[in-house]
Amino acid sequence: MGWLDANLLTMLNGLALAALLFLIAVGLSLVFGTMDVLNLAHGVVSLTGAYIGVALLDPATGTIGFIVAMLAAAAIGLVLGAVLAAVTSGVSDHLRQALLTLGIAMIAGDVLGEVFGSDVRSVPPPAFLGGSVEILGRSYPAYRLAVIVLSLIIGVALFLVLERTKAGALVRATVADRTMVEAIGVRSRLVLGGVFAVGAALATLGGLLAGPVLGAQPGLDNTVLLLALVVVVIGGLGSIRGAVLGAVLVGQVQTLGVSLLPDLASFLLFGAMAVVLLLKPAGLLPARYGTGARA
Amino acid sequence: MPGSFRRHRRHPRHLSVVATVAALALGATACGGSLSDSGSAGGDASGDSGAVKVGLVVPASGVYEPLGVDMTNGFQLYLNQHDNKLGGHEVDLVKADEGETPDTGVPAVQKVISQDKVSAVVGIVNSATALGVKEIVTQNKVPLIVANAGADDLADGSDYIWRSSFTNGSIGESLGKPVADAVKGGTVYVMAADYAAGHEYVAGFKKAFTAAGGKIAGEAYTPFGKTADWQPYLSKVQNSGAKAVYVFYAGAEAVNFVKQYKSFGLAGKLPLYAPGFLTEGGVLKAQGKAAKGVRTSLHYSNLLDTTENKTFVGAYTKAYDAPPTVYAVQAYDAAAVLDKALADADGTSGDAIAKALGGIGEIDSPRGTWKFDADHNPDEPYFLREVKEVDGGLGNVIIGNLE
Amino acid sequence: MTRRTGRLRPAGVLLLVVILAAVPFLLASYPVSLGGRILAFALVVVSTDLLTGVTGMPTLAQVGYFGVGAYSAGLVGIHWTDNLIVQLAVGTLAAGLLALVTGVVAVRTAGIVFLMVTLAIGELIHQVADRLDFLGASNGLVGIPAGTLYPGGEPLILAGYTYWWALLVFLLGLTVAYVVAKSPLGLSMRAVRESPTRLRAVGQSTYVVRLVAFIIAGAIAGAAGTAWTAQTRFVSPGDLAFSVSALALLSVVLGGAGTLWGPAIGAAVVFLTRDWLAANYFTGHADLLLGIVFVLAVFLLPRGIAGYQLSRRSDPPHSGAAA
Amino acid sequence: MNPVTATDPSVPAPAASAPLLLEVEGLTVRYGALTAVDSVGMRLAVGRRHALIGPNGAGKSSLFAALAGAQRTAGGQIVLDGQEITGHDEAQRAKAGLVRTYQHSNLFSGLSVLDNVRVGVERTEGQPLRPWPRRRADRRIVEAAIESIERVGLADRLNAPVSALSHGERRQVEVALVLACHPKVVLFDEPTAGMSAAETHHFAALIESLPDTMAAIIIEHDLDVVFRLAHSISVLAAGKVIASGTPAQVRDDPAVQEAYLGSGRGDEPLFEEVSR
């Protein structure tokens, strides 16, 4: 068995992890790019999604039930995002944003713990994806393959909206040049606020989809937040393509990396991040900023 | 104080100073100062029939909170069954939050000892916290009944450290021979969370397993609290040709591991052995059917078929609407230990309790009868358990006794 | 907007020191030991502010250097001498040295990227502490003897005495921070915060200023670590976890970035909320209380406790791209 | 078109007695395929003020950034007062005596006027990395800073934070800060942009009053100011120097007229007012 054969499944699995990370992280990145808000409540928003799964799903849930849960998660995410956009709107200093959003995250985390208990809860995948499929002679959970496909669909949709619509153009322009925000009208500001809502919705959706893989429990919000931060910073804040690359990289570091260098497993994630940032401080695929050519 | 606030209104700097001092002052319950140790020795209530203050320090927040809940319930159940008395003394129970790590746990123990002046401390989930407070309890002459933390070196015969739970190594050890017998010359892959306890569980197992002629196929230590995906490791397990797998995981990691063991197709092909925390309490509920067939060793199962246990399970389930866990039993037993010691002790001071602890003999527990060994660890039997369906749910069915 | 850095009135300072020094006479041993831990943490927060508030480099690494100081002091105590002054010197030096080695690369970045690089540094130090056996790995370093002030001296065991040692180290560290802030270097540091490009255009390498500030802050955090060990006589990886780093940074914002004394008060508020208010009255809900404090502070104290607001134009994350 | 190239240094030869302070040859800046500054050369003698004019996008600011070391160059050589500084970074060039101002004033806006200028004085005359105060040395720095501030006429705003100053006052602080850096050559990037007529007049006088031991290059759109201050002028278009010489020579250069017409700004009678 060659190296590739031996590690192919691990790499595939890294992609599944990357798919989840992308869904959760991309909102964090876009919100930073457009609103200039570093939303440290993003992790708890995502955990909320996982708990929505706990509340709505059971092992017998069918396709319809799962879609309903996804819609519910997205809807609740939209609301959470809108609330966060409103609450953070008057706070422009990054450090005070951190104080505010982390404060909110701590309160929300405590509330979630009260509601759902401190025990680790599991989120069952939909019944028809509950089994395993045979890949290279090994069992692989069908659900994880579905997650890859679903994330691809959502990612492509997101990309199309950003590249092909007026609202998307506004978002891209804002990411490229923050100073133009001052010049735009109320409607456009609403569009940007919408980015916050959509970003949060993607996080809750990601949290829900991650439920069957990661479970749901207090404290998971911090883990998810740190991973998402690493993803977007490695990829380049504000950049969708960066979030994709960052997620893939982190996914592989967490799977292929620990498989090849098991002794260094605990150092790999942050070590990799440090190396990337020292070589490319703006991230691997930074959003395109004015290069100064027009200076 | 309001006066000083008003006076300093225009000087925010002074205001802050005053506020800080005021806040510090509020923290004081006694004005004895902190420059002598007269007040810090536990048990200033020394009358024979007076109340006794006991500190219950278990996690009320963080990842170990579920264990803290069970332990509180177990301890409280014993008190309720005994009219809130231990050794004839009315109990004044002081609870403190151990949190997740020593940076919250150590101050919590410090607080119940030096502020609340308890005569004994019960609880402690985290081994690092337990090791961190060893010095404090010894110095203050307040006995600590460890009701969970399993670090091998924790109890060493010191007068003030007693343990009603277990040691990591011996649980691991108890599985060595049975697994060696089961694989009949085949190899076993071992895996654990990469922290002190994980290494101790593996070391104990390996010692007994290799002594029984077993061979290790490979080892992996996964980043503790940071691993969510075991596929890379499970892939190695499958490549190793092992005939069985021994792991140590607890909490959320136990849930994710067992579910992935199943979904990556290892369950049913490679028998999975582990210390019982892998499938204990809420963890088992979250694992669901994925846990079926997992074999574990532990000093308790709520399915243990003895009269004492059935009575205990009945009372516990009635009181808390959930079956008891090993954590509840450990705390329940800690209360029983204190009960016996206080009955024998000359007064309720920490020192008196510590002296009496050495002579309490055997404890009748839901898990069976046990006593402290020379190191003050419990000398107790272990049970081989297997996760099976019981009355529509899942339970750890006892399938054998281990030494 | 006036900078209050280095401008405390002597009378106020004296009053504060006297009150702080009197604490062991007034309070019982638990609140005093809590006070001692607050002082050690407050010094970490002061060092965080030296970077975050004064130099405009928001950092999450200070708790890592604090850990280096704490572990160094513990190792010195176990293997060499129980002399606290030696422990202080070794811990400070070790932390400063590691700050130099890591800072050489870390201070090349700025803004949020710097924040994430320091997060990585803090986490990597945490992981090292968690894995090295001679540091006690995940169980922590135990068996540290009580410290003495001079060879053959009485070991400091009682809370009041270790508190006084912590207070001494705190005042020492705070003084160093103030002196630095008042010095020409302090001016250069504030200039880096306000406009790194401008400082370069003036002919001053911002890299060197950042690096020196980073080393000094690291050393101060190391000193704080030794004061921690002197009291707890136990260090565990949990003491340098991400959650502690985050609290240190948030204490700076809560207290008022750039003022040094404000963040120290912020640290006290955070600790008292968690270890006194939550521990006594809201068991298990420290996060909830802290969260409420933080959110309220953002809206009620827009300039932090010290009443000072960090410049809105604090290092933009993309400051690499000069416009 | 008859562009002046680096091999044909165009600035009128200074009086034989005045030594050269700045010699630039073949300076080139590229952004990908775009050449923003194309092989520009210039010479500047002590006491001279040279103006750079040209339409927007001509590459003036890129040229400045390249001179100051804030922009990577694709080629060329810069010699300051006989010292080759091509390989120096921004800070080293400023240290060597090549100091710039910014198009949008770039100051330490949270610091007081005094502290802003102190930063410069500390670098040239003090010890900017000394981590402890020293009473006498620090007072000397403060006095030097105050002197520099008085020179630009802001003595009454010493302790005001720069963020509270008017636009014109900030420009004055910039000059004070630049002077504190002991420059040999100062690069002024649109110094009077956004100023009122009175402020502009005042500011031009300030530049005129600079010591004649230094030289200056000025990017400026206000041609009144240009013709008032400059001893010589270069016209930049599409990254190239298309004309260079005394104000009179430049005004009459047909290539200049063409470039301005061709640049789409022909409707602006650029030279009308000055040639009246």
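As you go down the protein sequences, you meet chains A, B, C and D in turn.
Residues in the first sequence are numbered from 1 upward in steps of one, following our numbering.
Residues in the second sequence are numbered from 296 upward in steps of one, following our numbering.
Residues in the third sequence are numbered from 699 upward in steps of one, following our numbering.
Residues in the fourth sequence are numbered from 1022 upward in steps of one, following our numbering.
All C-beta atoms, glycine included, are put in the ideal place defined by N, C-alpha and C.
Look at D/Q1092 here: in three-state DSSP terms it is coil, with no helix or strand label. Neighbours of A/I107 across chain C, judged by C-beta separation under 8 Å: D985, L986, G989, I990 and V993.
Per the C-alpha coordinates, the member of D/V1050, D/S1130 and D/Q1092 positioned closest to D/L1186 is D/S1130. Of B/G481, B/K348 and B/T462, the smallest CA-CA separation from B/V416 is found for B/K348. Distance from the CA of D/V1100 to the CA of A/V45, rounded to the nearest whole angstrom, comes to 58 Å. A/V115 counts as exposed, since fewer than 16 other C-beta atoms from the protein chains shown sit within 10 angstroms of its C-beta. Along the length of the stretch 337-391 of chain B, whole alpha helix (DSSP H) runs at least 4 residues long occupy 360-376, reported in chain order. Counting C-beta atoms within 10 angstroms of its own C-beta, C/Q902 has 16 or more neighbours from the protein chains shown and is therefore classed as buried.
Per DSSP, reduced to three states, the secondary structure at A/E134 is strand. The three-state reading of DSSP puts D/G1062 in strand, counting E and B together. Burial check for B/E675: the Cβ neighbour count within 10 Å reaches 16 or more, so the residue is buried. Rounded to the nearest angstrom, the Cβ distance from A/A69 to A/G53 is 6 Å, consistent with a contact under 8 Å. Between A/L100 and A/A197, the gap from beta carbon to beta carbon reaches 8 Å or more. In the three-state reduction of the DSSP assignment, D/D1210 falls in the strand class, which pools E and B. Judged by DSSP secondary structure, A/T165 falls outside any beta strand (DSSP E); it is assigned neither H nor E. For C/P756, at least one C-beta of chain A is nearer than 8 Å to its own C-beta. Distance from the Cα of A/G242 is smallest, within the candidate group A/V258, A/P212 and A/G155, for A/G155. Of all residues in the stretch 375-405 of chain B, only K390, A391, D392, G394, E395, T396, P397, D398, T399, G400, V401, P402, A403 and Q405 come within less than 9 Å of chain C when Cβ atoms are compared, listed by chain position. For C/L839, the three-state secondary structure derived from DSSP is strand.
In the DSSP assignment, no residue is bridged to A/N39. Close to B/V483, with beta-carbon spacing below 9 Å, lies no residue of chain A; the smallest spacing is near 18 Å. At a cut-off of 8 Å between C-beta atoms, C/M887 does not count as an interface residue with respect to chain A. Within the stretch 929-955 of chain C, those residues whose Cβ lies closer than 9 Å to any Cβ of chain A are, in chain order, F940, S941, A944, L947, L948, V950, V951, L952 and A955. Ranked by Cα distance from C/P853, the options C/N781, C/F980 and C/V766 are led by C/N781. Collapsing the DSSP output to three states places B/E395 in coil. The alpha carbon of C/D828 has as its nearest neighbour, out of B/K521, B/A636, B/D451 and B/Y484, the alpha carbon of B/K521.
Straight-line spacing of the CA atoms in D/E1146 and C/P756 works out to 30 Å. Taking the Cβ atoms as the reference, C/W862 lies roughly 22 Å from C/P961, outside the contact range of under 8 Å. For D/E1164, the closest of D/D1102, D/V1045 and D/V1140 by C-alpha to C-alpha distance is D/V1140. Under the 8 Å Cβ criterion, the stretch 345-365 of chain B counts as touching the stretch 387-406 of chain B, having at least three qualifying pairs. One finds T981 and G982 in chain C with Cβ atoms closer than 7 Å to the Cβ of B/A355, taken in chain order. No residue range can be given for C/L958, since it is assigned to no beta strand (DSSP E) and is classified by DSSP as neither H nor E. Listed along chain C are Q825, D828 and R829, each with a C-beta nearer than 8 Å to that of A/S266. With the rule of 3 Cβ pairs closer than 8 Å, the stretch 726-734 of chain C counts as touching the stretch 403-422 of chain B. For the stretch 1238-1270 of chain D, the continuous beta strand (DSSP E) assignments of 3+ residues that do not extend past its boundaries occur at 1253-1258 and 1261-1266, in sequence order.
Listed along chain B, the residues sitting closer than 7 Å to A/S132 by beta-carbon distance are S558 and G560.
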